[in-house]
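Taking it in order: structure first as structure tokens, then the write-up.
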Amino acid sequence: MPPLIAPLKGMHAGRAFGLLAFVFLLAFGVAVVQLALDQQRVIDVTSRLQEQTVPEIIRYQRLARNLEQIRQEGERIFAVSTQAARQQSLFVVTLIASHPSVLEHPESSRLAREAERFLGEVVRQAAGGEARLDAYHAEWQRLAARLDNQIDDVSIQGTNLASTDLKVATSAMNLARYKLMLVLVLVGLFLLAFIILVRRHLIYPLQRIDQALSTLSTEQPAPQFGSSRMLEIQAVEQSIREHHALLIQNDETRQELEQLANKDGLTGLMNRRHFMQVAELELQRAQRYRRPVTVAMADLDAFKKLNDTYGHAAGDLVLRIFADLVHAAMRQSDLVCRYGGEEFAFLFPEVTPEEASRLAERLRASLAGWDIALPDGRAVRVTVSMGLADASECPIEIALKRADDALYEAKRLGRNRVELAPGGRPA
Amino acid sequence: MLRGLLLVLLLCTLPAGQDGGASRAASSEALRVLVLDDAPPMSYRDASGQLTGFSVEIARALCREIGATCLFDVKALGQAVQTVAEGRADLAAVGIFDKPEQYSKLLLSKPYYRSLSLWLARPDIEPGAAGVLAAVVSGSAQERYARQRGWSVHAVRSAGAVREALTAGTVQAALVPMESALDMQKNRSFRHLGLTPTVYSSAELSGEAMIGISPLRPALREEIDGALDRIKRNGTYDRINSRFLPFRVS
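So the protein sequences, as listed, match chains L and X.
Its first residue numbered 1, the first sequence is counted upward by one per residue in our numbering.
Its first residue numbered 1001, the second sequence is counted upward by one per residue in our numbering.
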């Protein structure tokens, strides 16, 4: 069992999926907050870049420009020929070297002061004769070179201010990118887990339930399901098993009711109503296909006397034994019913009256030779009279009437015999 | 790709700051801006009589940036500060370094340039020495500084008047801002005086110059500050700086 799924055992499906959704939302929410924080970091850095760093970079650029101005004014002091022009340049150098924009950068300020002092000395010396300037020019060249280097350094320092902010922004963006990828993986994993759970715990069980329902019948054994982990699925599966048991119970009840409705309670033979329905159908079939069919009426001889002599229990016993003999003697396709009292009706499909009379005779003979043991130890013999008639060309009621007439004839001729209605010969 | 993303993020964060001023601009009414006309190179009239100079052009650039129509008016330094402090004008681009106590309600913008003060005199004349009369601009930080220290002071209306007082020998020295000294250096008569500049770096005399804003227009200060940041970033400020001054003053 996967460890992720094990805790879900015995949990309602709704709660299980709700829990998963909650965990997903929690994880996704945390990731989104993290991304938002990274985004805020980038916004803060870019804002700082705009509000603070860029002005600072511009300030460095202006400082570089002022240092460059000192260098240019120094060159001018050596280049011009008038002392007034030199003093003017020195004045500008003094102002720049004292300007707050230079003073606030210690290295630049030291160098600017050094240049100011040096150029001040140069201007003073120049007042005594321009020839003296040459002695200072080489040193000025070195100082100017240092100014150039300082200008470059200041420019680079200014540019590097942005690097820090950009590094922070890049770092935040990289982090955000990794987190975004992590979120995507997280979403993918949760979707995968969700699909697996849905397939394993909902779709597959529902498919099994669908299959079980489509084949559910009393002929099939009770459906077997795997052990589902979701209570709802377990409940549905249990309901299907109970439904199947109910189907079987209903079928058994139906069969019992059918028996009660169609059979004679004493003998177990068909009752007259059911016999007439089935015989009617059988007769129609035989007449449609022009097949032979014969009906018969039978009556136990002197049955009233037997009842009077041995009691109704003995009479009932005789009726049941006769029914058993009928079952034993008749073909499976033959129909027989207790027509009323000690009277019985028969229908022999695919049999001519002549052939049927042989079956009837065998039945009559069986009964006539049977010693029926009564519960009190005595034994009785019972005979039966039967009348047969061809039913292949007339309705069942008429055929039975003719068979009954033949039965009456058998009674009249002495009982315990089989008579064929006119139109057929006795066996 | 990452740089592109950063650029997009940068661009996304810019508009709020960039367009704010212009959108408000349209502020209906015109702004009354007070400037000097006798303090070159910061504020003066050119050959055609038009007001110009570093402070004037910065003020014009700020007006353009916030989209306002600005009407320039000329006042002496002390009057300009007082007029704006009383709300009778909106801006004073006259290089205010500190706020006089009596104008405590005056609003000040972010600094728009940094300056220092110079003592102009022969090398043997010490500031505050007995019998030394120093010229200052009336209403300036230099005047307040000198008077607080009990110096003999000759207050004049403008930097031009300071130069005239020096060349005429009315005064032996002057305490002036560096911009005025720069302009004086262009004058041959002044140069012939052979005065030595001494830098005064005390807090009262050097530092940051601001634009005075009417206390009745507090929202205007935020607009002016934002516009100042923008013109410093977009190069407008440096072009004006190069036009009027030999070095960067911010």
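All C-beta atoms in this analysis are idealised placements derived from N, C-alpha and C, irrespective of residue type, glycine included.
query: Whose CA, out of R132/L, E104/L, A144/L, lies closest to the CA of E116/L?
result: Numbered from its first residue, the first sequence carries residue 116/L at position 116. Of the listed residues, the one whose Cα sits closest to E116/L is A144/L.
field: D299/L - DSSP class collapsed to helix/strand/coil
entry: Within the first sequence, numbered from 1, the residue matching residue 299/L stands at position 299. Strand at D299/L.
- prompt: Between which two residues does the beta strand (DSSP E) carrying C337/L extend?
  reply: Position 337 of the first sequence, counted from the start, is the residue given in the question as residue 337/L. C337/L -> beta strand (DSSP E) spans 335-340.
query: Under 8 Å between the Cβ atoms of R1114/X and S108/L?
result: By one-based count along the second sequence, residue 1114/X stands at place 114. By one-based count along the first sequence, residue 108/L stands at place 108. Not a contact, by the Cβ cut-off of 8 Å.
task: Look at the alpha carbon of D1038/X and the alpha carbon of V1074/X, and state the distance between them as a whole number of angstroms.
output: The residue you call residue 1038/X lines up with position 38 of the second sequence. The residue you call residue 1074/X lines up with position 74 of the second sequence. C-alpha separation (whole angstroms): 9 Å.
- request: From the DSSP output, in three-state form, read off C1070/X for me.
  value: For this step, residue 1070/X is matched to residue 70 along the second sequence. DSSP places C1070/X in strand when its eight states are reduced to three.
- request: From the DSSP output, read off the bridge partner residues of Y1113/X.
  value: Taking the first residue of the second sequence as position 1, residue 1113/X is located at position 113. In DSSP, Y1113/X forms a bridge with A1209/X.
message: Less than 8 Å between the beta carbons of L1266/X and V1137/X, yes or no?
response: This structure does not reach residue 1266/X, given that chain X is present from 1001 up to 1250, and the question cannot be answered.
query: In whole angstroms, what separates the C-alpha of Y60/L from that of D153/L?
result: Here residue 60/L refers to the residue found at position 60 of the first sequence. Here residue 153/L refers to the residue found at position 153 of the first sequence. Y60/L and D153/L: Cα-Cα distance of roughly 10 Å.
task: Taking R412/L as the reference, give the member of V30/L, S385/L, C394/L, D390/L with the closest Cα.
output: For the purposes of this step, residue 412/L is taken as the residue at position 412 of the first sequence. Checking every option, the nearest Cα to that of R412/L belongs to S385/L.
message: Taking 8 Å as the cut-off, does the stretch 1146-1166 of chain X touch the stretch 1225-1234 of chain X (at least 3 CB pairs, one atom from each stretch)?
response: no
task: Just tell me which of D165/L, Q34/L, V32/L has its CA closest to the CA of Q50/L.
output: Locating residue 50/L in the first sequence gives position 50, counting from the first residue. Nearest option by C-alpha distance: D165/L.
task: Identify, in the order they occur along the chain, each residue of the same chain with its Cβ nearer than 6 Å to the Cβ of R41/L, setting aside the five sequence neighbours on each side.
output: Here residue 41/L refers to the residue found at position 41 of the first sequence. A172.
query: Would you call the CB atoms of Y204/L and R272/L closer than 8 Å?
result: Indexing the first sequence from 1 puts residue 204/L at position 204. Indexing the first sequence from 1 puts residue 272/L at position 272. The answer is no: Cβ separation not under 8 Å.
task: Would you check if the stretch 1112-1129 of chain X and the stretch 1191-1211 of chain X touch, i.e. whether three or more CB-CB distances between them fall below 8 Å?
output: yes
- prompt: When Cβ atoms are compared, which residues of the stretch 76-98 of chain L fall closer than 8 Å to chain X?
  reply: A84, Q87, Q88, F91, V92, T94, L95, I96, S98
task: Would you mind listing the beta strand (DSSP E) stretches within the stretch 273-318 of chain L that are 3+ residues and don't spill past its ends, in chain order?
output: 293-300
message: I want to verify the contact list: residues of chain X whose CB lies under 9 Å from the CB of S101/L, in sequence order.
response: Against the first sequence, residue 101/L aligns to sequence position 101. Chain X residues near S101/L: R1114, F1247, R1248, V1249, S1250.
- prompt: Between N160/L and chain X, is there a C-beta pair that is closer than 8 Å?
  reply: Residue numbering aside, residue 160/L sits at position 160 when the first sequence is read from its first letter. Cβ-Cβ to chain X under 8 Å: no for N160/L.
L1034/X and A1092/X closer than 8 Å at C-beta: For the purposes of this step, residue 1034/X is identified with residue 34 of the second sequence, where counting begins at 1. For the purposes of this step, residue 1092/X is identified with residue 92 of the second sequence, where counting begins at 1. Going by C-beta atoms, L1034/X is nearer than 8 Å to A1092/X.
message: Cβ closer than 8 Å: which chain X residues qualify as neighbours of R200/L?
response: In the first sequence, the residue the question calls residue 200/L occupies position 200. Those do not exist, as R200/L stays about 41 Å from chain X at its closest Cβ, beyond 8 Å.
field: Between the CA atoms of P1041/X and L1118/X - distance to the nearest angstrom
entry: The count along the second sequence starts at 1 and reaches residue 1118/X at position 118. The count along the second sequence starts at 1 and reaches residue 1041/X at position 41. Their Cα atoms are separated by approximately 16 Å.
query: Would A1022/X count as contacting chain L if we go by Cβ distances under 8 Å?
result: Taking the second sequence and counting its residues from 1, the one referred to as residue 1022/X is at position 22. Only weak support exists for where A1022/X lies, its pLDDT of 41 falling under 50; the coordinates are left without a value.
Reduced DSSP secondary structure (H/G/I, E/B, other) of M330/L: What you label residue 330/L is simply residue 330 of the first sequence in a count that begins at 1. Note: M330/L maps to coil in three-state DSSP.
query: What are the boundary residues of the alpha helix (DSSP H) that Y408/L is part of?
result: As a working note, residue 408/L is residue 408 in the first sequence. From DSSP, the alpha helix (DSSP H) with Y408/L extends over 396-412.
message: Taking the straight line between their C-alpha atoms, what separation do you get for E207/L and V318/L?
response: In the first sequence, residue 207/L corresponds to position 207, counting from 1. In the first sequence, residue 318/L corresponds to position 318, counting from 1. Going by the sequence as given, residue 207/L is Gln instead of Glu. When rounded, the distance between both Cα atoms is 59 Å.
query: Does DSSP classify I1125/X as helix, strand or coil?
result: Within the second sequence, the letter at position 125 stands for residue 1125/X. I1125/X: coil per DSSP, three-state reduction.
message: Cβ closer than 7 Å: which chain X residues qualify as neighbours of R62/L?
response: To locate residue 62/L, count along the first sequence from 1; it is residue 62. Per Cβ cutoff of 7 Å: R1248, S1250.
task: Give, in chain order, every residue of the stretch 1207-1232 of chain X whose Cβ lies closer than 9 Å to some Cβ of chain L.
output: G1207, E1208, D1229, K1232
- prompt: Got a sec: is the Cβ-Cβ distance from I58/L to anything in chain X below 8 Å?
  reply: Indexing the first sequence from 1 puts residue 58/L at position 58. Taking Cβ atoms only, chain X reaches closer than 8 Å to I58/L, which makes this a yes.
query: Mind checking if Q1185/X is an interface residue toward chain L, Cβ cutoff 8 Å exclusive?
result: What you label residue 1185/X is simply residue 185 of the second sequence in a count that begins at 1. Interface residue, yes.
message: Please classify P353/L as buried or exposed, where buried requires at least 16 other C-beta atoms within 10 Å of its C-beta.
response: As a first step, residue 353/L is located in the first sequence; it is residue number 353 there, counting from the start. With 16 or more other Cβ atoms within 10 Å, it is buried.
field: Interface partners of P1197/X on chain L, CB under 7 Å
entry: Within the second sequence, residue 1197/X is the residue found at index 197, counting from 1. Per Cβ cutoff of 7 Å: F91, T94.
- request: List the residues of chain L whose Cβ lies closer than 8 Å to the Cβ of L1182/X, in chain order.
  value: If you number the second sequence from 1, residue 1182/X lands on position 182. Per Cβ cutoff of 8 Å: F91, V92, L95.
field: One or two residues paired with H1154/X in a DSSP bridge
entry: As a working note, residue 1154/X is residue 154 in the second sequence. BP columns for H1154/X point to A1135/X.
- prompt: With a cut-off of 8 Å, do at least 3 Cβ pairs link the stretch 67-83 of chain L to the stretch 120-135 of chain L?
  reply: yes
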